[in-house]
Structure formats: structure tokens, C-alpha cells
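Q: Here the sequence shown is numbered in numbering that gives the first Met the number 0, starting from 0 and rising by one per residue.
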Amino acid sequence: MLAAVNTLVITGIDAKVVKVEVDLMLGLPGFDIVGLASASIREARERVKSAIKNSGLEFPNKKIIVNLAPADLKKEGSHFDLAIAAGILAASGQIDPLPANYYLAGELSLDGTVTKVPGILPMALELAATASDAVFIVPEENSKEAALVNEITSYATSSLMELYTCLSGQASLRSVGVFNPDEYNHIDKIADFSEVKGQETAKRALQIAAAGLHNALLIGPPGGGKTMLARRVPGILPEMTREEILETSRIYSVAGLLNPTNPLIVNRPFRAPHKNASAASIIGGGKIPHPGEISLAQNGVLFMDELPEFHRDVLEALRQPLEDKIVTVARAQATYTFPANFSLIASMNPCPCGQFGSETTECRCTPIQIHNYLSRISGPLLDRMDLHVEVPRIKFEHLKDESSAESSATIRERIKNARVIQARRFARSKTKLNSEMRPADIKKHCRLDESSERLLKKAFESFNMSARAYDRILKVARTIADLDESTDIHIGHLAEAIQYRSLDRKYWNK
Ligand SMILES: Nc1ncnc2c1ncn2[C@@H]1O[C@H](COP(=O)(O)OP(=O)(O)OP(=O)(O)O)[C@@H](O)[C@H]1O
Ligand SMILES: [Mg+2]
Ligand SMILES: [Zn+2]
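Structure (C-alpha cells):
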């Protein structure tokens, strides 16, 4: 007898529907899976067989052929178990054939427990987009992911036996329930900006970065508060929109990083990879490509503390995603694309001893040491840092200053406002934030008056700027004008944006 059960497969961060066909034939008992199945799927045979037997159900003593269609799609993952097991139960007449709008995903352990799998969120989103009458059955531990997609009906199951009793009509399926992102919002637990004394310029630059999702490079001597400042940026970013939650969570879902206690990404990511991290872990990669830190930082912050200490291949590999806001990983069978739209906040000392350029303390490094240190940050990488920010050592009076500075909540309101302005501007566009503007957007939204035009021309020529720096200045100027609630970019907005591009000349002598 033949049975068919639907499931899905993940490619990159997308999902596609796969049909699992199970045929029981007379002949020598056996169990084969065909249809471009990876080794991990072929391992399903042992798990499915034990799970069926250990659930007290019957494993047919026949020749079992499982075909995964379409055949040209490479299939990967352990979540096929549940559909294969249900297909065997249906083909052997232990349950009725499954309705055509049912989709199953879950891994089985040998005792018949259904365990969590990566990718449930993109699967649910794919069903919502293509099969609105879909009934999706997922592991209990993944139920929050499915619950976020309320366009389809999803049920949770924790064991093969439970699924069997429901599919054979002895019990009803359990709903995944509702998911309220607000319950999981931890924005109030992030350390507050008001704890940072002084450093007004750096605070201002980080607000601009947060408002338009621009990149910032903090340079200064040890102990000035660079790390302290960067760690507080997620607290001034506005709460994530539903769209952003879905977009970011699906990356974590594919990476298998969502878990029942942290069911979805509702807090802005703040990823701080270690300086020894490999290019594959930061950029993404692996045999079956996995999203890297730059994708896990989607809609949030990638913090690279002590930037020059990172491996050179990591720094160079960052250039493409910093420009395109996506990262492409090519493999023999396919090319995978992951989103990578984040604000890069990097920090560094200006030299190995940290005092180069200081007015108060003398630098003990030789010119060649300084040169070697700074040259780890290549020109093209530096070019992509929109805001160069000097974080000097803080003065004693400032440190003792008890008058409290602005709180993260107050700053966040201003940034929210700038984001509302951007949302209105880009309402009918794929672009969402100023930092994502393409040349046509820049032309349309970053018009300058004559005197501003002259100022930019002068800066361009005397600072020997690249075309990229030119575009980036305009984008930052746009964000500064938005923070000021100004429809036009005025010369003051532009001048401030230009001023954040000055450190390459001070330190890199360009
Ligand atoms: N502006 C500041 N206001 C209040 N405390 C500060 C400030 N700057 C530094 N500190 C104190 O000094 C500590 C060290 O600061 P932080 O680690 O952020 O410096 P850094 O610039 O990252 O230094 P390094 O270059 O050595 O990494 C902080 O934990 C904090 O206690
Ligand atoms: Mg530090
Ligand atoms: Zn030095």
C-alpha cells in the first residue's frame, strides 16, 4: 500500500514543501530512503524503526521504500522522521491516510519521543505564504515558533504515540497556543546609557548609528569606556517590529539556536564574537552552510571589540556583506544567501600601547609598531565605517559628576521617532532604513542645497574621499536630519556627518 505525507526542507533560510511517499511491498524485508537524501536522513531508518516499535505500534515486516519528492532538491535534516513514521503507519493501515493539507516535522528518539528541530519558523512562514489551509504538526519544544505564524493552524506533539492517538481519532490534536512577544522582551535589563559619564560625542554618534543602523568605529586609549558604550547600544534601539522578529528569528531557527526558554528573538541581537573566531563562524559557512555571526546580528548590533586583533581573513571577508547587507556562500549544489543587515560597532586602541594621539599621556610605540597595528584595518574596511568616533580618556570631574545623564529610555524615544520617519519615507520600498539606501534612494532623499553641495565638494577634494565615503556621508546626514525631524538636509546636518569621517586622516594619515 502507498501513503503520502507532507513535510518541508530548509535551503538557506527558506523552506520548500517535500512529499514523503511510503510504499510497502512484498519481498525481502528492508527499509530504503531515496530522493537525494543526505546521510543524516538515511539515519532516520534506525530511529523510525525503534520509535515505532517502542511506542507499541507495529513496524511492518515488508520491503519499505521511502521516496522524497521532488527528487532534484537536496534534502538535509533529521526532521523527516515524523513524516516517514506517519507514512509507514498509514501505509500499513494503522491510521487513515493523512489529509493533503497536513504537514509534519520532527525528529524521533528511539523511545518515540518527538524532539525539537531547526527551521520550524521558516517552514511555518512558507506554509503561510503558499498553503493557507495548512495544518502543521510540530514538536512540542518548537511550538512557540509555529505559534508566531497565526495564518496557519499548528499543533504540537511530544511523542509518536500522541500523534498516533490523534491521527487515529482517539484524541484531538493540541494547539500550539498563542505567542506574545512582549512577555519575552528584556529591554529593561540592558545596562543604561546614563551610567556612562561624559563622552557626549561618542554617545551622540552611537545614537545616529542606532537610528539609521549605521556602522561606528570607536577609537581611544584603554579605559575610556568604549566597551561600556557599545554594550549599551541594544538598550537604545527600539523594540523589534513583528516583521523584524520574524526575519531575525528565522535565521536563529535555521541555525538551531532557538530553544524553549528563548523561543524567539524578540530582543535586538547583540553579537560579540571573540577575536579568535574563524571566518566561517563570523561570516557563515560550513559544509551545509550555516548563518554566521553577521547574520545572527540581523536587525541588531555586531560588536567587534579590539577590531585589529581579529584574523585578517575575517576582516577582509566582512567587506562584501557590509556593502550588500547579505552574504552569499557558494557550494557545489547550490548558492546560499543569508541576510546580514546589522550595525557594526567596532572598538580599538590607536596603537599597541593605546596612547597614540593622546594629549596627556605619551605613546611608547615606535612609528613602525603603530603603522603595523593600524594597517590591520585596511582602507576599504575603514571606508565602510560610517562614523569614526574618538573616545578619549575621561576627565576626573566628569567621572565625579553626579548629575545624571540621559537614560536609555529617553534616548530610545528619539530613535523610535527617527525610525517612524524612515518607515514613512520607505513605505513602498524594499529599503527600510537610511543605511540601506541605494543610489536611486540617495538621489531622491538626500538632496543638498547649494552651500551644502559646496561644502561636500570641498571635503571630498581636500580629504581625498572615495565615492563610497561620499554616499555614506549622505546617508548619515539623512539620519542626522531625521533625528532633528527635518525634511531637508541642512548644512549643519551635513557638516556633522563629515566630521565623523575625520579619524582616518588623524591616525591613518590618509
Ligand atoms: N565614561 C565613563 N563613565 C563611567 N565609567 C567609565 C567610563 N569610562 C570607563 N569607565 C569605567 O572604566 C571601566 C573600563 O571601561 P571600558 O572597558 O569600557 O574601557 P575601554 O575603552 O573598552 O578600554 P580598553 O581599550 O582597555 O578595552 C568601565 O567598566 C567603567 O567602570
Ligand atoms: Mg574595551
Ligand atoms: Zn602607543
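Glycine included, C-beta positions come from ideal geometry on N, C-alpha and C.
Just so you know, these numbers come straight off a predicted model, no measurement behind them.
1. Given this structure, state the Cα-to-Cα distance separating isoleucine 32 from valine 113, to the nearest angstrom.
2. Taking the alpha carbon of methionine 24 as the reference point, which residue from Leu56, Ala408, Gln319 and Ser91 has its own alpha carbon closest?
3. Lysine 62: which of Arg44, His185, Val116 and Asn53 sits nearest, CA to CA?
4. Taking the straight line between their C-alpha atoms, what separation do you get for glutamate 361 and glutamine 354?
5. Contact defined as beta carbons within less than 8 Å: I believe phenylalanine 395 pairs with isoleucine 344. What is the distance between those atoms, to the nearest angstrom?
6. Please report the distance separating the alpha-carbon of alanine 130 from that of asparagine 5.
7. Express the C-alpha separation of glutamate 140 and serine 77 in angstroms, rounding to a whole number.
8. Just confirm the distance between the C-beta atoms of serine 407 and aspartate 191, as a whole number of angstroms; I'd bet it's less than 8 Å.
9. Is methionine 384 helix, strand or coil when you go by DSSP?
10. Could you tell me whether the Cβ atoms of serine 342 and alanine 208 are closer together than 8 Å?
11. Could you check which residue in Glu460, Ile287, Gly197 and Asp71 has the C-alpha nearest to that of serine 402?
12. Contact between the segment 4–20 and the segment 63–83: three or more CB pairs below 8 Å?
13. Among Ser277, His492 and Leu263, which residue has its Cα nearest to the Cα of tyrosine 519?
14. Which class does arginine 173 belong to by DSSP, given the choice of helix, strand or coil?
15. Hey, quick one: how far does the alpha helix (DSSP H) through serine 346 stretch, first residue to last?
16. Please name the residue or residues paired with threonine 112 in a DSSP beta bridge.
17. Helix or strand or just coil, what does DSSP make of valine 4?
18. So does lysine 202 have its beta carbon nearer than 7 Å to some heavy atom of ligand 1?
19. Taking alanine 128 and leucine 103 to be in contact with their CB atoms under 8 Å, please state how far apart those CB atoms are, rounded to whole angstroms.
20. In whole angstroms, give me the CA-to-CA distance for methionine 0 and glutamine 169.
21. Specify whether the segment 432–439 and the segment 469–479 touch according to this definition: at least 3 beta carbon pairs, one from each stretch, less than 8 Å apart.
22. Can you give me the Cβ contacts of asparagine 298 inside the same chain, cut-off strictly under 6 Å, excluding the 5 residues immediately before and after it?
23. Alpha carbons only, please: which of Lys74, Ser158, Met122 and Ala145 is nearest the one belonging to glycine 111?
24. Looking only at its own chain, which residues have a Cβ that is under 6 Å from the Cβ of leucine 88, when we skip the five neighbours before and after it?
25. Does aspartate 323 come out as helix, strand or coil in the three-state DSSP assignment?
26. By how many angstroms is the C-alpha of valine 300 removed from the C-alpha of lysine 415?
27. For ligand 1, is there any heavy atom lying closer than 7 Å to the beta carbon of glutamine 206?
28. Going by other Cβ atoms of all chains shown within 10 Å of its Cβ, with 16 needed for buried, is glutamate 305 buried or exposed?
29. Suppose the cutoff is 6 Å on Cβ atoms and the five residues either side in sequence are ignored; what does the same chain contact list for leucine 321 look like?
A: So, from the data block:
1. Looking up residue 32 in the sequence shown gives position 33. Looking up residue 113 in the sequence shown gives position 114. Going from the Cα of isoleucine 32 to the Cα of valine 113 covers about 20 Å.
2. By one-based count along the sequence shown, residue 24 stands at place 25. Residue Ser91 is the option with its Cα nearest to methionine 24.
3. For the purposes of this step, residue 62 is taken as the residue at position 63 of the sequence shown. When only C-alpha atoms are compared, the closest one is Arg44.
4. Counting from one through the sequence shown, the residue named residue 361 turns up at place 362. Counting from one through the sequence shown, the residue named residue 354 turns up at place 355. Cα to Cα, the separation comes out at about 6 Å.
5. Indexing the sequence shown from 1 puts residue 395 at position 396. Indexing the sequence shown from 1 puts residue 344 at position 345. Not confirmed; about 27 Å, so no contact.
6. Position 131 of the sequence shown, counting from 1, holds the residue named residue 130. Position 6 of the sequence shown, counting from 1, holds the residue named residue 5. Near 12 Å, if we compare the C-alpha coordinates of asparagine 5 and alanine 130.
7. Taking the first residue of the sequence shown as 1, we reach residue 77 at position 78. Taking the first residue of the sequence shown as 1, we reach residue 140 at position 141. One C-alpha to the other measures close to 15 Å.
8. Reading the sequence shown from its first residue, position 408 is the one you call residue 407. Reading the sequence shown from its first residue, position 192 is the one you call residue 191. Rounded to whole angstroms, the Cβ separation of serine 407 and aspartate 191 is 5 Å, and the two are in contact under 8 Å.
9. Position 385 of the sequence shown, counted from the start, is the residue given in the question as residue 384. Methionine 384 falls in the coil class under three-state DSSP.
10. Here residue 342 refers to the residue found at position 343 of the sequence shown. Here residue 208 refers to the residue found at position 209 of the sequence shown. Result yes, Cβ atoms of serine 342 and alanine 208 sit closer than 8 Å.
11. Sequence index remark: in the sequence shown, residue 402 carries index 403 (1-based). Nearest option by C-alpha distance: Gly197.
12. Counting C-beta pairs closer than 8 Å gives three or more between the segment 4–20 and the segment 63–83, which meets the contact rule.
13. The question about residue 519 has no answer here: the residues shown for the chain are numbered 0 through 509.
14. The sequence position of residue 173 within the sequence shown is 174, counting from 1. Note: arginine 173 maps to strand in three-state DSSP.
15. For the purposes of this step, residue 346 is identified with residue 347 of the sequence shown, where counting begins at 1. Serine 346 -> not in any alpha helix (DSSP H); beta strand (DSSP E) instead, spanning 342–347.
16. Position 113 of the sequence shown, counting from 1, holds the residue named residue 112. Answer by DSSP bridge pairing, in chain order: Ser158.
17. By 1-based counting over the sequence shown, the position of residue 4 is 5. In this structure, valine 4 counts as strand in the three-state DSSP scheme.
18. Within the sequence shown, numbered from 1, the residue matching residue 202 stands at position 203. False, no ligand heavy atom lies under 7 Å from that Cβ.
19. Position 129 of the sequence shown, counted from the first residue, corresponds to residue 128. Position 104 of the sequence shown, counted from the first residue, corresponds to residue 103. Incorrect: roughly 19 Å between the Cβ atoms, too far for contact.
20. If you number the sequence shown from 1, residue 0 lands on position 1. If you number the sequence shown from 1, residue 169 lands on position 170. Annotation: methionine 0 to glutamine 169 spans about 23 Å, alpha carbon to alpha carbon.
21. yes
22. Counting from 1 along the sequence shown, the entry for residue 298 is found at position 299. Excluding sequence neighbours, asparagine 298 sits near Glu243 and Thr247.
23. The residue given as residue 111 occupies position 112 in the sequence shown. The option with the nearest alpha carbon to glycine 111 is Ser158.
24. The count along the sequence shown starts at 1 and reaches residue 88 at position 89. Ile94.
25. Taking the first residue of the sequence shown as position 1, residue 323 is located at position 324. Three-state result, aspartate 323: helix.
26. Sequence index remark: in the sequence shown, residue 415 carries index 416 (1-based). Sequence index remark: in the sequence shown, residue 300 carries index 301 (1-based). Approximately 16 Å, taken between the alpha carbons.
27. Within the sequence shown, the letter at position 207 stands for residue 206. Not one heavy atom of ligand 1 falls within 7 Å of the beta-carbon of glutamine 206.
28. Counting from 1 along the sequence shown, the entry for residue 305 is found at position 306. The residue in question, glutamate 305, is exposed, as its Cβ has fewer than 16 Cβ neighbours within 10 Å.
29. Position 322 of the sequence shown, counted from the first residue, corresponds to residue 321. Same-chain partners within the cutoff: Arg383.
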